[in-house]
Amino acid sequence: MTAKDKAFFTKSIALLKPLNKDQEPQWGSMTPQHMVEHLVGSWRISNGRARVPQMLADGDVQTRREFIFSDKPYARNISNPTAKIQGNAPLRKESLSAAIDQLEDEMNAFFDFHDSNPNAVEMHPVFGSLDANGWLIFQTKHMTHHLTQFGLL
37 MTAKDKAFFT KSIALLKPLN KDQEPQWGSM TPQHMVEHLV GSWRISNGRA RVPQMLADGD
97 VQTRREFIFS DKPYARNISN PTAKIQGNAP LRKESLSAAI DQLEDEMNAF FDFHDSNPNA
157 VEMHPVFGSL DANGWLIFQT KHMTHHLTQF GLL
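Residue numbers for the sequence shown follow this note's numbering, beginning at 37 and rising by one.
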């Protein structure tokens, strides 16, 4: 992948690093660390480190794929249709800084994985099978949503 492909994500890490752990979101209930750990999850799926099945019916996936490949942003307060718990998940990392470090590692693993496996396709639980380009489109939209949520974009 090119430097241009990576530029937004490199910038995203730089935007996240000064984020205060007590920063209030502009909407929603996530804390900064919950948001970063949430992002880590999608990157782990996209880089092949975690595998998940498609969790919606094919017709629902197709409708959601049309959204992800559109110019429409995520709506504020949107909920994950596959979430098994209400509210925020328990934190997995000891600090926001550690979560950001893991996010950066997962992003680097994504680029390494897809550079080494250019035909790789990984399953997204809501959007179905995505190749590297599909994942970049999803991750850009997803990260834009959450960076905006915390006033970083």
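From the three backbone atoms N, C-alpha and C, an ideal C-beta is built for every residue, glycine too.
Contact check between the stretch 42-54 and the stretch 101-111: fewer than three CB pairs, one atom from each, fall below 8 Å, which does not count as touching. In this structure, the straight-line span from the alpha carbon of P126 to that of N83 is close to 23 Å. Beyond the five residues adjoining it in sequence on each side, T176 comes within less than 7 Å, by CB distance, of F44 in the same chain, given in chain order. For M143, the uninterrupted alpha helix (DSSP H) run begins and ends at L132 to S152, by DSSP. Going by DSSP, M159 is part of the beta strand (DSSP E) stretching over V157 to H160. Ranked by how close their Cα comes to the Cα of S152, the residues A168, K129 and K42 have A168 in first place. The beta-carbon distance between R87 and M159, rounded to whole angstroms, is 7 Å. This is short enough to meet the 8 Å contact definition. DSSP links L166 through a beta bridge to E158. Excluding five sequence positions before and after I104, the CB atoms of its chain that fall closer than 6 Å to its own CB belong to F163 and F174, given in chain order. The closest CA to that of T38, considering only F146, G187 and Q185, is found on F146.
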